[in-house]
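Peer 1: Line by line, the protein sequences give chains A and B. Take 1 as the starting number for the first sequence in our numbering and just add one per residue. Take 1001 as the starting number for the second sequence in our numbering and just add one per residue. Every residue gets a Cβ at the ideal spot worked out from N, C-alpha and C, and that includes glycine. Pasting a structure below so you can have a look.
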Amino acid sequence: EVQLVESGGGLVQPGGSLRLSCAASGFAFRTYRMHWVRQGPGKGLVWVSSVKGDGSSTDYADSVKGRFTISRDNAKNTLYLQMNSLRAEDTAVYYCARDGFDVWGQGTMVTVSS
Amino acid sequence: DVVMTQSPLSLPVTLGQPASISCRSSQSLVYSDGNTYLNWFQQRPGQSPRRLIYRVSNRDSGVPDRFSGSGSGTDFTLKISRVEAEDVGVYYCMQHTHWPKTFGQGTKLEIK
C-alpha cells in the first residue's frame, strides 16, 4: 500500500526550530519529487517546498525561504522539513505529498506560540 | 505567482442535484510539453486532501464517475452530476504548471 506518514509536529515558541519527517512506503520513493504543503487553522492549502527525487534541486515558497530547509534520505525512504526561526503565522497542519499530488500523508500539526 | 480564483466559495446543494465549481487562473496553465497541470482535490472534514481529477479531466482511480473536470487555458470547471451526502467538504483547484504551485481558495460544498 502506498503510504506517507508525517511526524515531528508540536508546540514551539516563536523563534524556535522543529524538524518534520515523512516516512514513505509502497512506492519507489527515490524516483519521485516530494512536496510539503501546509494548511493554517480554518484556512486553505499552501504549497511550501519541494525536492527532486535525487535531492539535487529544491524549491521554496517566498514565505519560508531562508528559514526552512527540505531534504530527503532515499536510503530511509524519508522526507524532512527543517523549520527554523518559526513565527506564529507558520502555525498549520503540514502535509507531505508525492509529486502529482496523488498521495498525501495524514498531516502533522505545528503550533508556534509562547 | 499564478493566482487561482474559485467561485463560488460557498455552495449549498440539494441532494441529487448537480453542482459546479469554477476555477480561473491568472495565466495559461499549458506547459511546454503541451499538458495542462490542473488538479482538483476534495477535503472532507478532518481529513487530508484527496485528488479527484488530474490534468484537467482525468478522474483518479476510485473516484465516482459523477465527478468530471473540464476546461482549458485559464478556465476550468469541476462538476458533480448528482450530489450525495458524502460529497460534503471543501474543493480546491491547484495548478502545478508554474512555480510556485498554487491553490484556489477552496469551495465549501454543503447540503441544503
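What does the Cβ neighbour count give for A/E6, buried or exposed, with the cut at 16 atoms within 10 Å?
Peer 2: Translated into positions along the first sequence, residue 6 of chain A becomes position 6. With 16 or more other Cβ atoms within 10 Å, it is buried.
Peer 1: DSSP on B/F1067, reduced to helix/strand/coil?
Peer 2: Translated into the one-based positions of the second sequence, residue 1067 of chain B becomes position 67. Of the three classes helix, strand and coil, the one that applies to B/F1067 here is strand, per DSSP.
Peer 1: Per DSSP, what kind of secondary structure is A/R72 in: helix, strand or coil?
Peer 2: The residue given as residue 72 of chain A occupies position 72 in the first sequence. A/R72 falls in the strand class under three-state DSSP.
Peer 1: Provide the residue span of the beta strand (DSSP E) that contains A/V5, from first to last.
Peer 2: As a position in the first sequence, residue 5 of chain A is number 5, starting the count at 1. Its beta strand (DSSP E) spans residues Q3 to S7.
Peer 1: Could you tell me whether any Cβ in chain B is nearer than 8 Å to the Cβ of A/W104?
Peer 2: Reading the first sequence from its first residue, position 104 is the one you call residue 104 of chain A. Closer than 8 Å: yes.
Peer 1: Where A/F29 and A/W47 are concerned, what is the direct C-alpha to C-alpha distance, given to the nearest angstrom?
Peer 2: Start at 1 with the first residue of the first sequence, and residue 29 of chain A comes out as number 29. Start at 1 with the first residue of the first sequence, and residue 47 of chain A comes out as number 47. C-alpha separation (whole angstroms): 20 Å.
Peer 1: Inspect the beta-carbon positions of A/S85 and A/G15 and report whether they are closer than 8 Å.
Peer 2: Within the first sequence, residue 85 of chain A is the residue found at index 85, counting from 1. Within the first sequence, residue 15 of chain A is the residue found at index 15, counting from 1. Yes, these two residues count as a Cβ contact at 8 Å.
Peer 1: Any C-beta of chain A within less than 7 Å: which residues of the stretch 1038 to 1066 of chain B qualify?
Peer 2: For the stretch 1038 to 1066 of chain B, which is checked against every Cβ of chain A, the residues closer than 7 Å are N1039, S1048, P1049, R1051, Y1054 and D1060.
Peer 1: For a quick check, are the C-beta atoms of B/S1026 and B/Q1006 less than 8 Å apart?
Peer 2: Numbered from 1 along the second sequence, position 26 holds the residue referred to as residue 1026 of chain B. Numbered from 1 along the second sequence, position 6 holds the residue referred to as residue 1006 of chain B. It is not a contact, given that the beta carbons lie outside the stated cut-off.
Peer 1: Using beta carbons (cut-off 8 Å, strictly below), is B/Y1092 in contact with chain A?
Peer 2: To locate residue 1092 of chain B, count along the second sequence from 1; it is residue 92. Closer than 8 Å: yes.
Peer 1: Would you mind reading off the limits of the beta strand (DSSP E) that contains A/V51?
Peer 2: Residue mapping note: residue 51 of chain A aligns to position 51 of the first sequence, counting from 1. Here the beta strand (DSSP E) through A/V51 covers L45 to V51.
Peer 1: In whole angstroms, what is the alpha-carbon distance linking B/V1090 and B/T1107?
Peer 2: Indexing the second sequence from 1 puts residue 1090 of chain B at position 90. Indexing the second sequence from 1 puts residue 1107 of chain B at position 107. Distance between the alpha carbons of B/V1090 and B/T1107: 5 Å.
Peer 1: Leaving out five residues on either side along the sequence, give the residues of the same chain with a beta carbon under 6 Å from the beta carbon of A/F27.
Peer 2: In the first sequence, counting from the first residue as 1, residue 27 of chain A sits at position 27. Once the five neighbours on either side are set aside, the close Cβ partners of A/F27 are V2.
Peer 1: Leaving aside the five residues before and after A/S17 along the sequence, list all residues of the same chain whose C-beta is less than 6 Å from its C-beta, in chain order.
Peer 2: Within the first sequence, residue 17 of chain A is the residue found at index 17, counting from 1. Cβ within range, chain order: N84.
Peer 1: DSSP three-state call for A/R30: helix, strand or coil?
Peer 2: Within the first sequence, numbered from 1, the residue matching residue 30 of chain A stands at position 30. It is helical.
Peer 1: Please list the terminal residues of the continuous beta strand (DSSP E) segment that includes B/D1087.
Peer 2: Indexing the second sequence from 1 puts residue 1087 of chain B at position 87. From DSSP, B/D1087 is part of no beta strand (DSSP E); its letter is neither H nor E.
Peer 1: DSSP on A/A88, reduced to helix/strand/coil?
Peer 2: Within the first sequence, numbered from 1, the residue matching residue 88 of chain A stands at position 88. Correct three-state label for A/A88: helix.
Peer 1: Would B/K1108 pass as an interface residue toward chain A - the criterion being a Cβ-Cβ separation below 8 Å?
Peer 2: In the second sequence, residue 1108 of chain B corresponds to position 108, counting from 1. No, B/K1108 does not count as interfacial toward chain A.
Peer 1: When the Cα of B/L1078 is compared with those of B/N1035, B/L1109 and B/V1002, which residue comes out closest?
Peer 2: Position 78 of the second sequence holds residue 1078 of chain B. The candidate whose alpha carbon is nearest that of B/L1078 is B/L1109.
Peer 1: How many Å lie between B/R1055 and A/S114 at the Cα?
Peer 2: On the second sequence, position 55 is the one that residue 1055 of chain B refers to. On the first sequence, position 114 is the one that residue 114 of chain A refers to. In a straight line, the C-alpha of B/R1055 is about 43 Å away from that of A/S114.
Peer 1: Cβ closer than 8 Å: which chain B residues qualify as neighbours of A/V46?
Peer 2: Counted from its first residue, the first sequence places residue 46 of chain A at position 46. Within 8 Å Cβ-Cβ: F1103.
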